[in-house]
Every structure is written in structure tokens, then in C-alpha cells.
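>
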């Protein structure tokens, strides 16, 4: 659940608050004495038990009327802000493309196996999405393109994980070490992962899960900043996974850059068994938020909370007004 136009709801709330303050100030200035003959000894009347009982009832219903007015105003604010919800089994949530993007440079060698393990856990929690896998160092290489063949995806991830754990080389991993521009070229790697998305004319949720320590060692064609700009332009969310031991300055820069695409960065702790689950939930949450803001995405408006508050408030006001005047 999210608010599409929270800023508009806030503006309406501020206007209502300003009107309430103005009315309160005007009431505090006092009203002119009503016309008619004065009545003496009214203090005796006010001390009568019957009078005090009726006064308490009157005050009680005035409070009900004030609270009801507040509920009605709150309902108006909620309706104006347009609460919306994206369900897990909605068409948009199933039309998702997820590109796994892994830095296989030397500085990540102690963490890549854990990252792939988290990828396996993520894949096990997805249903119907297309998934691709790209690795990079000084160059990028595609392990497999976007596909919804989950048996094939599982086999490829398992084979890559085995190669990482046994320090075996594969043609794909060898392809990432060509060129002489350096190593761990994060901007180039992310750009290559972005190019792995197809069917860009379709309304789909697109996410890159980028795992790197952001330890640049060379001269890339694209900086991380430029790569994130390309992701933003294509409405692609970039979610980051970084080792818990990564340099704090590199992690801060990584977090700042990815936040511009709407993604977050989660530290991968190989000693924490709950990290994989946290990564899966984090990506799911980020994608839901991204769908609410995508210009081509559909969402499900939920006007009933605001409407219910308005109806409840109006009913309370009508009842209170009737009781105070009866």
C-alpha cells in the first residue's frame, strides 16, 4: 500500500489546519452580547443537578461532533492522496524481468559464492518472472539471457556456484578478463547488464540485482553514475548487494548512486543465514514501490479507507448535531 499523491494530501491537510486555526482565532475574539432581557441569578440554575447533567450530555455530543469532523477531514485527505496497492499476483508483478549482475573480479572472490547462493534463494521465491545472469570484471559476459525456464536457470546457477567454490575457470569467466582497461569496471558491467533487457516497448517491471564491492580498479567506458543514469532513463530499478566487509566510502557511494534508480543496497554477511531472505524481501519491496511510480505501470486504487472515514465522520456529525439540538 502506498500513496500516489501524498504531497497533494499533505497540502489539503495544511489548508484544513489553517482554516481551523483562523476559525479558532476568530472565536477567541468573542461575540457581541446577544439581544434580549438579562436574566438574574443564572448561577443558581447552573448548580442544579438536572442542569449539570444536561450540560455534560451537551458537552459529550459536542466532542463527538468535533471528533467526527476530524475523521471526515482525514478521509478527505486520504482520498485526495490516492492510496494504491500492487498485489503479488497482479499481472504487472508477474511481468517482471530480473537481471542478476555479478562482479567476478579478484576482490570479490571470497564473496561470489555467497552471492550466487543468495541468487539461488531469490530465484526459488520468484514465480513466472524472466531471469537473466551476467558476470563482469574487465569485460562482461552473459551466463544466460532472460528466460523463464527455471530448471535451466537453477542448473546454470549451480554450475557457476560449483566453479566459484572450486576455483575452476569456465569460458564465460575467461571472457570477463579480456582487455587492458583494468578490473572490476562496475559502470561498464552495469551498462552491459542493462543491455540484456529486451521488449522495452512493453510495460514490464525491470530490476538489476548488482553485486559488487564497488572497488574500481581501472578506466571504465561508463562510470557508475552514467550507468545509473541509463537505468533511470529506462525506468530500471538497480538493487545492490555488497559484502559486509566492503570499504565504507565505496559502500556509501554505491548506496547513493543506486538510490537514484529507486533501489537500495544490502550488506551481504556470509555468516548470517537470514541474509538471503532479507535480500529477497528487499527486492520484492523495492519492485512494488517502483511499480507505483512507473509511468506505464498499472496499480490498484484503494479509495475505501478514505471513503469509510468520510462516511463515519459524516454519520457522527449528523447524529451529534441531532442530539445537541433535540
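Residue numbers (full-length UniProt numbering): 1 to 326.
Each residue gets a CB set at the ideal place from its N, CA and C atoms; glycine is no exception.
(1) Rounded to the nearest angstrom, how far is the Cβ of residue 205 from that of residue 103, given a contact under 8 Å?
(2) Where does residue 204 sit, in a helix, a strand or coil, going by DSSP?
(3) What are the start and end residues of each continuous alpha helix (DSSP H) run of 4 or more residues lying completely inside the stretch 102-140, in chain order?
(4) Are three or more beta carbon pairs between the stretch 234-251 and the stretch 163-174 nearer than 8 Å?
(5) Please report the distance separating the alpha-carbon of residue 147 from that of residue 100.
(6) Evaluate residue 54 with the Cβ neighbour count: other Cβ atoms within 10 Å of its Cβ, from every protein chain shown; 16 or more gives buried, anything less gives exposed.
(7) How would you label residue 119, buried or exposed, when you count the other beta carbons within 10 angstroms and need 16 or more for buried?
(8) Could you check the C-alpha separation between residue 131 and residue 268 for me, to the nearest Å?
(9) Can you have a look at residue 15 and say buried or exposed, based on whether 16 or more other CB atoms are within 10 angstroms of its CB?
(10) Taking only the alpha-carbon atoms, compute the straight-line gap between residue 182 and residue 159 and give it to the nearest angstrom.
(11) So the candidates are 251, 192, 133 and 163; which of them puts its Cα closest to the Cα of residue 113?
(12) For residue 395 and residue 107, what's the separation of their Cα atoms in angstroms?
(13) Would you call the stretch 241-260 in contact with the stretch 140-156, where contact means no fewer than 3 C-beta pairs closer than 8 Å?
(14) Please report the Cβ distance between residue 224 and residue 187, rounded to the nearest whole angstrom; I am assuming they are in contact, meaning their Cβ atoms lie under 8 Å.
(15) Comparing C-alpha positions only, which one of 66, 154, 136 and 58 sits nearest to residue 122?
(16) Of the residues 230, 105 and 57, which one's Cα is nearest the Cα of residue 176?
(17) Reducing DSSP to helix, strand and coil, say where residue 192 ends up.
(18) Less than 8 Å between the beta carbons of residue 231 and residue 194, yes or no?
(19) Please name the residue or residues paired with residue 339 in a DSSP beta bridge.
(20) Would you call residue 152 buried or exposed, if buried means 16 or more other Cβ atoms sit within 10 Å of its Cβ?
(21) Is the Cβ-Cβ distance between residue 196 and residue 136 less than 8 Å?
(22) Report all residues from its chain with a CB closer than 8 Å to the CB of residue 161; omit the five preceding and five following residues, and keep chain order.
(23) Counting along the chain, where does the beta strand (DSSP E) carrying residue 246 start and finish?
(24) Using DSSP's beta-bridge definition, name the partner residues of residue 96.
(25) Taking 8 Å as the threshold, find out whether the stretch 44-51 comes into contact with the stretch 305-317 through three or more Cβ pairs.
(26) Using three-state DSSP, classify residue 217 as helix, strand or coil.
(27) Have a look at 73, 79, 67 and 22 and flag the residue whose alpha-carbon is nearest the alpha-carbon of residue 301.
Once the coordinates are examined:
(1) Here residue 205 refers to the residue found at position 205 of the chain shown. Here residue 103 refers to the residue found at position 103 of the chain shown. Taking the Cβ atoms as the reference, residue 205 lies roughly 24 Å from residue 103, outside the contact range of under 8 Å.
(2) Mapped onto the chain shown, residue 204 falls at position 204. Secondary structure of residue 204 (DSSP, three-state): coil.
(3) The qualifying runs are 112-125.
(4) Note that the stretch 234-251 does not touch the stretch 163-174; fewer than 3 beta-carbon pairs, one per stretch, sit closer than 8 Å.
(5) For the purposes of this step, residue 147 is identified with residue 147 of the chain shown, where counting begins at 1. For the purposes of this step, residue 100 is identified with residue 100 of the chain shown, where counting begins at 1. So the two alpha carbons sit approximately 12 Å from each other.
(6) Against the chain shown, residue 54 aligns to sequence position 54. Counting Cβ neighbours within 10 Å, residue 54 comes out exposed, since fewer than 16 surround it.
(7) As a working mapping, residue 119 is identified with position 119 in the chain shown. Residue 119 counts as buried, since no fewer than 16 other beta carbons sit within 10 angstroms of its beta carbon.
(8) Here residue 131 is taken as the residue at index 131 of the chain shown, counted from 1. Here residue 268 is taken as the residue at index 268 of the chain shown, counted from 1. Answer to the nearest angstrom: the Cα atoms are 21 Å apart.
(9) What you label residue 15 is simply residue 15 of the chain shown in a count that begins at 1. Flag for residue 15 reads exposed.
(10) Within the chain shown, numbered from 1, the residue matching residue 182 stands at position 182. Within the chain shown, numbered from 1, the residue matching residue 159 stands at position 159. Roughly 27 Å between the two C-alpha positions.
(11) Here residue 113 is taken as the residue at index 113 of the chain shown, counted from 1. Relative to residue 113, the option among 251, 192, 133 and 163 whose CA is nearest is 163.
(12) Any question about residue 395 goes unanswered here, given that the chain covers just 1 to 326.
(13) Touching, no, given that fewer than three Cβ pairs across the two stretches are closer than 8 Å.
(14) Taking the chain shown and counting its residues from 1, the one referred to as residue 224 is at position 224. Taking the chain shown and counting its residues from 1, the one referred to as residue 187 is at position 187. Separation of the CB atoms of residue 224 and residue 187 is rounded to 5 Å, and the pair is thereby assigned contact status at 8 Å.
(15) Taking the chain shown and counting its residues from 1, one reaches residue 122 at position 122. Cα-wise, what sits closest to residue 122 is 154.
(16) In the chain shown, the residue the question calls residue 176 occupies position 176. 105 is the residue among 230, 105 and 57 whose C-alpha sits nearest the C-alpha of residue 176.
(17) Within the chain shown, residue 192 is the residue found at index 192, counting from 1. Shown here, residue 192 sits in a helix according to DSSP, grouped into three states.
(18) Numbered from 1 along the chain shown, position 231 holds the residue referred to as residue 231. Numbered from 1 along the chain shown, position 194 holds the residue referred to as residue 194. In this structure, residue 194 lies closer than 8 Å to residue 231 by Cβ.
(19) What the structure shows of the chain is the stretch from 1 to 326, and residue 339 is not part of that stretch, so it cannot be assessed.
(20) By 1-based counting over the chain shown, the position of residue 152 is 152. Looking at its Cβ environment, which holds fewer than 16 other Cβ atoms inside 10 Å, residue 152 is exposed.
(21) Your numbering for residue 196 matches position 196 in the chain shown. Your numbering for residue 136 matches position 136 in the chain shown. Their beta carbons are not under 8 Å apart, which means residue 196 does not touch residue 136 by this criterion.
(22) As a first step, residue 161 must be located in the chain shown, where it is residue number 161. 113, 116, 117 and 120.
(23) Indexing the chain shown from 1 puts residue 246 at position 246. No beta strand (DSSP E) contains residue 246, which DSSP labels as neither H nor E.
(24) Sequence index remark: in the chain shown, residue 96 carries index 96 (1-based). According to DSSP, residue 96 bridges with 205.
(25) Contact between the stretch 44-51 and the stretch 305-317 is absent, because fewer than three Cβ pairs lie under 8 Å.
(26) Within the chain shown, residue 217 is the residue found at index 217, counting from 1. The DSSP-derived three-state label of residue 217 is strand.
(27) Start at 1 with the first residue of the chain shown, and residue 301 comes out as number 301. When 73, 79, 67 and 22 are compared, the shortest CA-CA separation from residue 301 is found for 79.
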